[in-house]
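Peer 1: What follows is a structure written as structure tokens; I'll ask about it next.
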Amino acid sequence: SIFLFLGSLAENQISNKGAKALARSLLVNRSLMVLDLRSNSIGPTGAKALADALKKNQTLLSLK
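If you count by the numbering used here, then the sequence shown holds residues 64 to 127, one letter each, in order.
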């Protein structure tokens, strides 16, 4: 198994489309515990997708 405890995607120009794809990944996440999404271009629809995914994700402990 591969374990990833910390992931930084800060300053990567992630848009709503990217945030939605990331949200789908978070639904099956079993190893990512810290995720940094600061300084991206995520708008309200991307943020909502992430928030909905985080309601079901029990592994991620910190989101910046």
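Every residue gets a Cβ at the ideal spot worked out from N, C-alpha and C, and that includes glycine. This structure is a prediction, so every number in the text was calculated from the model and none was measured.
If you reduce the DSSP assignment to three classes, tell me which class L69 lands in.
Peer 2: For this step, residue 69 is matched to residue 6 along the sequence shown. L69: strand per DSSP, three-state reduction.
Peer 1: Need the endpoints of the alpha helix (DSSP H) that L85 sits in, please.
Peer 2: On the sequence shown, position 22 is the one that residue 85 refers to. Segment N79 to L89, the alpha helix (DSSP H) holding L85.
Peer 1: Under DSSP, the beta strand (DSSP E) around L98 begins and ends at which residues?
Peer 2: For the purposes of this step, residue 98 is taken as residue 35 along the sequence shown, with counting starting at 1. Where L98 is concerned, the enclosing beta strand (DSSP E) stretches over V97 to D99.
Peer 1: CB-CB under 6 Å to T26, same chain, minus the five flanking residues each way: which ones, in chain order?
Peer 2: With the chain covering only 64 through 127, there is no way to say anything about residue 26.
Peer 1: My output table needs one value for S64: the three-state DSSP class, helix, strand or coil.
Peer 2: On the sequence shown, position 1 is the one that residue 64 refers to. Confidence is the limiting factor: at S64 the pLDDT is only 46, short of 50, which leaves the residue's position unreliable and the question unanswerable from this model.
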